[in-house]
Amino acid sequence: MRSRRLDYSESTRSALVNSAVELFTKRGYAGTSLDEIAKRARVTKGALYHHFSGKQALFEAAFDSVESAVYGRLEKIINGTDAPWERALKALSGFIKSCLDPEYQRIAIHEAPVVMGWERWREAEDRCSFGLVRDTLKALIEAGEVDDVPVEITARLLFGALSSAAIEIASSADPKKVGAEIEALIVQLLGRLRRQ
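Read in order, the letters of the sequence shown correspond to residues 938 to 1133 in the working numbering.
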């Protein structure tokens, strides 16, 4: 049986992360103070420091929360029951849709490389997103949908294209239009890898 203290501790941490996601999305990392995050979460600053060593640690938890939500949605699509090609296209569409989400745009695309540093951000992206790209490509090859290409290199190139696409969408004055254009182009490029 779980203790009330553990439940309270988890709910406090969750409230802090949710508050951080909301404020970092609205104001960015530089424009958000720990006092504001604690106040919105309805906890003391001491409780905040009990869970997080500082603002960057809290930002990384907010990043993990946003990234995990996107990863979970895409993983569900990729592990679905549709044919591998259909799953890949649906996952691409799901990724483009995620790039339109203000939380993902601000925290994962705009702020994370600066706050976490390029290397740390890429490592975090590699742990989640790259694995999905590589696994999807492997599934397409195994199903005979795609020619037998070098998996690691091809997945890296696709991952790079998707990372650049995310930045283009998040930086655009018309993200929906750019997202639709990028999705159509990537589908066209993937079609060239597809066995006829």
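For glycine and all other residues, C-beta sits at the position ideal for the given N, C-alpha and C.
Tell me, to the nearest whole angstrom, how far the beta carbon of L1074 is from that of L1095; I am working on the premise that it is less than 8 Å.
-> 7 Å
Simplified DSSP assignment, three categories, for R964 | helix
Tell me whether the beta-carbon of A999 lies closer than 7 Å to the beta-carbon of I1044.
-> yes
With distances taken Cα to Cα, identify the nearest neighbour of R1131 among G1054, A1080, K1013 and A1006.
-> A1080
Comparing the CB of V1124 with every heavy atom of the ligand GDP, is any distance shorter than 6 Å?
-> Ligands are entirely absent from the displayed structure, and the ligand GDP is therefore not among its contents.
Does the distance from the CB of V1007 to the CB of S1035 come in under 7 Å?
-> yes
Just the Cα atoms here: how many angstroms apart are V1070 and A1020?
-> 16 Å
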